[in-house]
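>
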Amino acid sequence: MLMLEVKDLGWWYWLVTAGLLTYGVLVDPLGLLLAVGLTVINLLHFAVRADHLTAFPVQVRFFYLLLLLIALPEPMQWLFWIPMIGTWAQVLVGYCTMARLVSLLPWNRREPLTWRLVWRRFLSAPVRGSVAD
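In this text, residue positions in the sequence shown follow this note's numbering: the first is 3, and each later residue adds one.
#1: What residue does the alpha helix (DSSP H) around Phe-64 start on, and which one ends it?
#2: Among Gln-79, Leu-40 and Glu-76, which residue has its Cα nearest to the Cα of Phe-64?
#3: Once you ignore the five residues that flank Asn-110 on each side, which residues in its own chain have a CB closer than 8 Å to its CB?
#4: Given that a residue counts as buried once 16 or more other Cβ atoms are within 10 Å of its Cβ, and exposed if not, what is Thr-19?
#5: For Leu-34 versus Gln-92, is the C-beta distance shorter than 8 Å?
#6: By the DSSP assignment, the alpha helix (DSSP H) with Met-86 in it spans what residues?
#7: On a CA-only basis, which of Asp-10, Met-3, Val-129 and Leu-22 is nearest Ile-70? Give me that one, please.
#8: If Val-27 and Phe-82 are in contact, beta carbons under 8 Å, what's the gap, nearest whole angstrom?
#9: Put Val-29 into one of helix, strand or coil per three-state DSSP.
#10: Thinking C-beta only, is Arg-102 closer than 8 Å to Arg-130?
#11: Does the Cβ-Cβ distance between Gly-96 and Met-5 come in under 8 Å?
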């Protein structure tokens, strides 16, 4: 089921980022640099809006940016397929793999890390709001 959050500014950041990643992967690598630049703006914007830098949306954007930076060197650019597909999943159906990964970090969970917890986090249906709740 589609989960288009057109009234949410964060959704628009992700939509444009997905478009830039797609352009960068399929047409011109300049799109990859533009996606990184937009992600920096996205991160800064949400960091300024947040009560603290450890707010979950800020963490998600930080680790997303880290993934893009790891993929930036030319021999690693094949990795851009991963955030490209994942960002389209976020935009279209609200499934954010990065948020689910970040939710498993020790400071974001209240229970021990188990296979059952990982299974629940990754196979649960997309939610509006934070998967960390």
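Backbone N, C-alpha and C define an ideal beta-carbon position, used for all residues, glycine too.
Quick look at the numbers:
#1: Phe-64 -> alpha helix (DSSP H) spans 58-73.
#2: Minimum Cα distance to Phe-64 is reached at Leu-40.
#3: Excluding sequence positions up to five before and after Asn-110, its CB lies within less than 8 Å of the CB of Phe-58, Gln-61, Val-104 and Ala-134, all in the same chain and listed in chain order.
#4: With 16 or more Cβ atoms within 10 Å of its Cβ, Thr-19 is classed as buried.
#5: No, these two residues do not count as a Cβ contact at 8 Å.
#6: Taken as a continuous stretch (DSSP letters only), the alpha helix (DSSP H) holding Met-86 covers 83-95.
#7: The residue you asked about is not Ile; residue 70 is Leu in the sequence shown. Checking every option, the nearest Cα to that of Leu-70 belongs to Leu-22.
#8: Approximately 5 Å separates the beta-carbon atoms of Val-27 and Phe-82; this is inside 8 Å, confirming the contact.
#9: It is coil, neither helix nor strand.
#10: Contact flag unset, no.
#11: For Gly-96 and Met-5, yes; Cβs fall inside 8 Å.
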